[in-house]
Amino acid sequence: MSNLNQLFSGVKIIYAPKTVKLLDSRITVFKRPNSHQWQCRFKLVNGRWHSASTGTEDISQAKQQAISIYEAVKIRTEAGLATSTRSFKQLAREEITRMARTATTPRTERKYKDYLFILEKYLIPFFGNFDVAKIDDEAVADFEAWRLAEMGKNAKQMTKKHHAMAYNKVMTLAKARGYIPLNKMIVPLDITGERGKSRPAFTVEELEQMYAYMPKWQIDVWHKQSTEIRYLCCAYVKFLVNTGVRHSTESMPLRWKHLQWHFIGSMRFPVLS
Numbered sequence: 008m009s010n011l012n013q014l015f016s017g018v019k020i021i022y023a024p025k026t027v028k029l030l031d032s033r034i035t036v037f038k039r040p041n042s043h044q045w046q047c048r049f050k051l052v053n054g055r056w057h058s059a060s061t062g063t064e065d066i067s068q069a070k071q072q073a074i075s076i077y078e079a080v081k082i083r084t085e086a087g088l089a090t091s092t093r094s095f096k097q098l099a100r101e102e103i104t105r106m107a108r109t110a111t112t113p114r115t116e117r118k119y120k121d122y123l124f125i126l127e128k129y130l131i132p133f134f135g136n137f138d139v140a141k142i143d144d145e146a147v148a149d150f151e152a153w154r155l156a157e158m159g160k161n162a163k164q165m166t167k168k169h170h171a172m173a174y175n176k177v178m179t180l181a182k183a184r185g186y187i188p189l190n191k192m193i194v195p196l197d198i199t200g201e202r203g204k205s206r207p208a209f210t211v212e213e214l215e216q217m218y219a220y221m222p223k224w225q226i227d228v229w230h231k232q233s234t235e236i237r238y239l240c241c242a243y244v245k246f247l248v249n250t251g252v253r254h255s256t257e258s259m260p261l262r263w264k265h266l267q268w269h270f271i272g273s274m275r276f277p278v279l280s
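Residue 186 in the numbering used here sits at position 179 of the sequence shown; the count goes up by one each step and never skips.
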């Protein structure tokens, strides 16, 4: 170390500043960790922050480039144009990540899986490479035709509503981030369609056939554990049939404490409380 000190004695080392302020501190020029190029950051008139790379390691060039970026973005903002671009796929991935973090309950986890399926199956394959600011009426109409061909049938009203909700999540995020101009309306997806029909209830004859088959089905297994699971499944089916409780939405929250015996004379009946 002493040799190095002697070697460089008398040499004045000039350290480049970590940040530089321009135009009365309206622009900050800085370097990110592990990056050699200078970045610039400034606040837009709408209160949002805008960051961009100057594309150079030279501080003098970076200052000039930062001012040029600032003026260009200012003009776009005043004209009501988006200050930067993002593809639908990029924002959809961000929204998927956000939903995954918030899926902390059975209900939110189920919603997350539904949205994930819609985004991965329909919205990202079609809109993925679109600049979100350029999704217009024509693009939405093309999507409707593409979805019809993809599904092989007209989507039901509820299906369209779910697709529209997933689409709106991504587009709302795009507008909040400034990738869609504030003066531009988000083009909505069509949600009109035929209402879905409820599945018909089992007839008495169908229930009798199912009950008659259950004992054979319970023992027709390779492992003992499967027998126990099938026995429980049969009991669960009879519970749903005789109470009218809907599977999943209504049945999942139920616990043993919700079942009580109700007596009428010497007869007792199970009651859900």
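Even for Gly, the Cβ is constructed at its ideal location relative to N, Cα and C.
The beta carbon of glycine 185 is closer than 6 Å to those of Arg55 and Thr90 in its chain, skipping five residues each way along the sequence. For leucine 180 against leucine 98, the beta-carbon gap comes to about 5 Å, under 8 Å, which counts as contact. Taking the Cα of glutamate 85 as reference, the smallest distance to any Cα among Leu189, Gly135 and Asp65 is reached at Leu189. Straight through space, the alpha carbons of lysine 28 and isoleucine 66 are spaced by roughly 12 Å. The shortest C-alpha to C-alpha distance from lysine 168 to any of Glu78, Gly203, Ser258 and Asp138 is the one to Gly203. A residue is called buried when at least 16 other Cβ atoms come within 10 angstroms of its Cβ; glutamate 213 does not meet this threshold and is exposed. When DSSP states are grouped into helix, strand and coil, proline 277 belongs to the strand group.
Counting other Cβ atoms within 10 Å of its Cβ, leucine 247 stays below 16 and is therefore classed as exposed. Note that the stretch 71-78 touches the stretch 35-54; at least 3 beta-carbon pairs, one per stretch, sit closer than 8 Å.
In this structure, the CA atom of alanine 69 is about 11 Å from the CA atom of alanine 59. Per DSSP, the beta-bridge partners of valine 36 are Val27 and Cys47.
The Cβ atoms of methionine 106 and lysine 118 lie closer than 9 Å to each other. Rounded to whole angstroms, methionine 259 and proline 113 show a C-alpha spacing of 9 Å. Between methionine 178 and glycine 251, the alpha-carbon positions lie close to 40 Å from each other. Unbroken beta strand (DSSP E) runs of no fewer than 3 residues, entirely contained in the stretch 202-279, are found at 266-271 and 274-279, following chain order. Rounded to the nearest whole angstrom, the C-alpha separation of lysine 191 and phenylalanine 137 is 16 Å. Beta-bridge analysis with DSSP links tryptophan 56 to Lys50. The residues Leu155, Gly200 and Glu201, in chain order, have a CB closer than 8 Å to that of asparagine 161 in the same chain once the five nearest residues on each side in sequence are set aside.
Between the beta-carbon of glutamine 46 and that of threonine 61 there is about 7 Å, and that keeps the pair under the 8 Å contact cut. Here the C-alpha atom of glutamate 78 lies approximately 34 Å from the C-alpha atom of threonine 104. With a cutoff of 9 Å on beta-carbon distance, phenylalanine 134 and isoleucine 125 are scored as not near each other. Secondary structure note for asparagine 136: it is in no alpha helix (DSSP H), with a DSSP letter that is neither H nor E.
Contact annotation, proline 195 with alanine 173: C-beta distance approximately 13 Å; criterion of less than 8 Å not satisfied. In the DSSP secondary-structure assignment, serine 75 is not bridged to any residue. The C-alpha of serine 205 is placed about 34 Å away from the C-alpha of arginine 275. Across the structure, serine 273 and tyrosine 220 are spaced so that their CA atoms are roughly 32 Å apart.
Serine 94 sits in a strand when the DSSP states are folded into three classes. Taking all protein chains shown into account, lysine 264 has fewer than 16 neighbouring C-beta atoms within 10 Å of its C-beta and is therefore exposed.
Per DSSP, the continuous alpha helix (DSSP H) segment holding methionine 178 begins and ends at 164-183.
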